[in-house]
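Heads up, the thing below is written out as structure tokens.
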Amino acid sequence: PLPADTAIIGEVGLSGEVRTVNQLGMRLNEAAKIGFKRVLMPKVRRKLEDAPKGLQLLQVRNIAEAMDAVLPKD
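Quick note: the sequence shown uses the working numbering, first residue 53, plus one each step.
Shown next, in the form of structure tokens:
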């Protein structure tokens with residue numbers, strides 16, 4: 053199962069790529085406000101200077117990277 057303190061933001065394409073969504077900064081702020089500690093999100097090219105302090109951003113390009121980022125290693 054996904055850790056309870058992890059939120060997921062993004063859109064998954066048919067080939068498994070993880071795509072960005074509108075108003076990413078606002079979504080990150082809301083995730084932090086309601087208590088999430090980590091956010092799995094699309095990899096972005098720009099710096100996320102407006103991201104809340106203390107929120108761990110797990111940036112991924114596809115589903116395989118997403119699974120590696122959040123699931124426990126054996």
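Ideal placement from N, C-alpha and C gives every residue a C-beta, glycine not left out. All figures in this text were calculated on a predicted structure; none of them were measured in a lab.
request  = For the stretch 55 to 92, list the beta strand (DSSP E) runs that are entirely contained and at least 3 residues long, ordered along the chain.
outcome  = Look at the stretch 55 to 92 and you find these whole runs of beta strand (DSSP E), each 3 residues long or longer: 58 to 60.
inquiry  = In whole angstroms, give me the CA-to-CA distance for aspartate 120 and valine 91.
reply    = In the sequence shown, counting from the first residue as 1, residue 120 sits at position 68. In the sequence shown, counting from the first residue as 1, residue 91 sits at position 39. Aspartate 120 and valine 91: Cα-Cα distance of roughly 14 Å.
query = Is the beta carbon of arginine 98 within less than 8 Å of some heavy atom of the ligand GDP?
reply = In the structure shown, the ligand GDP is absent, as is every other ligand, since no ligand is present at all.
Spatial neighbours of alanine 84 in its chain, beta-carbon cut-off 6 Å, leaving aside the 5 residues before and after = Mapped onto the sequence shown, residue 84 falls at position 32. The residues Pro104, Leu107, in chain order, have a CB closer than 6 Å to that of alanine 84 in the same chain once the five nearest residues on each side in sequence are set aside.
request  = Tell me whether valine 96 sits in a helix, a strand or coil according to DSSP, three-state version.
outcome  = Position 44 of the sequence shown, counting from 1, holds the residue named residue 96. Of the three classes helix, strand and coil, the one that applies to valine 96 here is coil, per DSSP.
request  = Report the residue from Gly62, Gln111, Leu110 whose alpha carbon sits nearest the alpha carbon of arginine 79.
outcome  = The count along the sequence shown starts at 1 and reaches residue 79 at position 27. Ranking the options by Cα distance to arginine 79, first place goes to Gly62.
ask   = Excluding sequence positions up to five away, which residues of its chain have a Cβ less than 7 Å from the Cβ of arginine 71?
value = Along the sequence shown, read from residue 1 onward, the residue named residue 71 stands at position 19. Taken in chain order, the residues that qualify are Gly62, Glu63, Gly65, Pro94.
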